[in-house]
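Right, here's the structure in full:
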């Protein structure tokens, strides 16, 4: 009897030990909390459910994937649990270490996030994407120092992160704000060589020049800023979150369609958008609106009036009375042979926006109607828009050519004369600029901007 009892005790102990080992070695016992929400995106919901199932089936990196899916829609607190558990299984995963720090940062635990950012910042990986995360981690520590009003600490951190352009911008801003513009100038000049069309860089260079008492050079920098269209992202959330957001749900499908459009594969893009069968029925999310607009763009490219009108009707049912919708309706009328109807809609559209394509469309209608003088006027307006586009790309010489063509076609365009003078002004052609400004004033003697610019010209 005693022998049997001893055997039972041994078996019981063995069973307890085995169960303990099984519990400790089974990662799927961790059940991450999930948001109780209506995601309003069936594709995203399916991907989320699949990812949850993969965590229960011992799939490699399944918790990191689930974290990515959750964080893609802003569920930082929920993603944090997934990333933290993944690191118990793969503690060397640099990307997930950064993402965990980011979750802590976004949920307001700045000091806690700094510890994780610092852990990432100490690494020296060889892969380019991981190098970028290291730079982002250092930059984040600097930003958090600014949030804690530790400007001196932030400046030192940014100075040690010069491989990352936003850190250089932040460093220059701190120097200028502490009356050290002379130190900021070399940083800005070097970065402007790399990113010549940066609005932010031109602005801060102008501020630095003002601080140094170089008012003429500051004015030139402000003028250069006017023709810069690139915004250097100093908030890294754009570069971190946008790719993740676009990897899941309907947003991922939209990205695939846009990629097909980028490759001029209209058939594939049209097939994909048709299969999605996006309608205006609730719930209406921003992604669904984007998909509807994308469908309209594809319908315009393939010249399908039926689809153009269908998409326009759906958007109008959502009170989306945009210029896009009006243009699609006009295009559908034109494709169906109703040139007069198309012209009326496009003329209405000119009261809402200006674009090269819009004026080209009207020019075509006017030529068909035998109204050559009005057609030339539309041609000139289109050339003005082309000039403005080049101006915003910081290409004043090309812009000047378009404005010159515009005034040759229609000498009554005051806006074309003014912009031609402005380009000539920027190109250091004061005599030509004065002539163009004078022409603009003849057409509109009370135009203050032309009068001001004429006074700013150097003596001829």
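In this note's numbering, the protein residues as written are 15 to 474.
C-beta: ideal position from N, C-alpha, C; glycine also.
These numbers were taken from a predicted model, which means no experiment stands behind them.
Only counting the same chain, and skipping five residues up and downstream in sequence, which positions put a Cβ closer than 7 angstroms to that of residue i?
| i | result |
| --- | --- |
| residue 229 | none |
| residue 159 | 167, 168 and 171 |
| residue 101 | 107, 110, 111 and 114 |
| residue 135 | 148, 151, 152 and 155 |
| residue 176 | 182 |
| residue 421 | 427, 430, 431 and 434 |
| residue 165 | 188 |
Taking the straight line between their C-alpha atoms, what separation do you get for residue i and residue j?
| i | j | result |
| --- | --- | --- |
| residue 451 | residue 299 | 49 angstroms |
| residue 240 | residue 345 | 33 angstroms |
| residue 311 | residue 83 | 29 angstroms |
| residue 42 | residue 144 | Note that residue 42 scores a pLDDT of 46, beneath 50, so its modelled location is shaky; the value from the coordinates is reported in the next line. C-alpha separation (whole angstroms): 28 angstroms. |
| residue 468 | residue 216 | 24 angstroms |
| residue 259 | residue 386 | 50 angstroms |
| residue 340 | residue 323 | 10 angstroms |
| residue 291 | residue 369 | 30 angstroms |
| residue 319 | residue 227 | 60 angstroms |
| residue 12 | residue 68 | Only positions 15 to 474 of the chain appear in the structure, and residue 12 is not among them; the question remains open. |
| residue 200 | residue 223 | 12 angstroms |
| residue 46 | residue 263 | 20 angstroms |
| residue 383 | residue 367 | 23 angstroms |
| residue 11 | residue 92 | For residue 11 there is no data in the structure shown, the boundaries of the chain being 15 and 474. |
| residue 105 | residue 133 | 12 angstroms |
| residue 402 | residue 173 | 37 angstroms |
| residue 405 | residue 354 | 34 angstroms |
| residue 75 | residue 192 | 47 angstroms |
Would you mind stating whether residue i and residue j have Cβ atoms separated by less than 8 angstroms?
| i | j | result |
| --- | --- | --- |
| residue 417 | residue 434 | yes |
| residue 242 | residue 213 | yes |
| residue 457 | residue 423 | no |
| residue 414 | residue 395 | no |
| residue 455 | residue 461 | yes |
| residue 124 | residue 70 | no |
| residue 297 | residue 54 | yes |
| residue 301 | residue 356 | no |
| residue 329 | residue 306 | yes |
Under the rule that 16 or more other beta-carbon atoms within 10 Å means buried, what is residue i, buried or exposed?
| i | result |
| --- | --- |
| residue 408 | buried |
| residue 316 | exposed |
| residue 391 | buried |
| residue 52 | exposed |
| residue 56 | exposed |
| residue 326 | buried |
| residue 253 | exposed |
| residue 152 | buried |
| residue 211 | buried |
| residue 426 | exposed |
| residue 429 | buried |
| residue 351 | exposed |
| residue 321 | buried |
| residue 285 | exposed |
| residue 362 | exposed |
| residue 439 | buried |
| residue 129 | exposed |
| residue 275 | buried |
| residue 410 | buried |
| residue 86 | buried |
Nearest by alpha-carbon distance to residue i: which of the options is it?
| i | options | result |
| --- | --- | --- |
| residue 96 | 331, 110, 201 and 209 | 110 |
| residue 146 | 422, 160, 158 and 131 | 131 |
| residue 99 | 87, 88, 86 and 81 | 81 |
| residue 338 | 411, 349, 304 and 355 | 304 |
| residue 261 | 62, 353, 473 and 49 | 62 |
| residue 88 | 255, 129, 183 and 182 | 255 |
| residue 238 | 436, 104 and 472 | 436 |
| residue 126 | 94, 257, 353 and 140 | 94 |
| residue 314 | 297, 202, 283 and 209 | 283 |
| residue 179 | 164, 163 and 206 | 206 |
| residue 332 | 356, 295 and 362 | 295 |
| residue 445 | 465, 73, 472 and 421 | 472 |
Looking at the ligand ZN, does it come within less than 7 angstroms of residue i, judged from the CB to the closest heavy atom?
| i | result |
| --- | --- |
| residue 282 | Of ligands this structure carries none, so the ligand ZN is not represented either. |
Considering only residues of the same chain and omitting the five flanking positions on each side of residue i, which have a CB-CB separation below 6 angstroms?
| i | result |
| --- | --- |
| residue 90 | 117, 120 and 121 |
| residue 189 | 197 and 198 |
| residue 388 | 380 |
| residue 220 | 232, 235 and 236 |
| residue 225 | 195 |
| residue 203 | none |
| residue 400 | 370 and 416 |
Cutting at 8 angstroms between CB atoms, please list the residues of its own chain near residue i, excluding the five before and the five after it.
| i | result |
| --- | --- |
| residue 360 | 341, 344, 372, 375, 376 and 379 |
| residue 308 | 268, 271, 272 and 287 |
| residue 157 | 168 and 184 |
Got a sec: is the Cβ-Cβ distance from residue i to anything in chain B below 8 angstroms?
| i | result |
| --- | --- |
| residue 81 | The structure shown contains no chain B; it is built from a single protein chain. |
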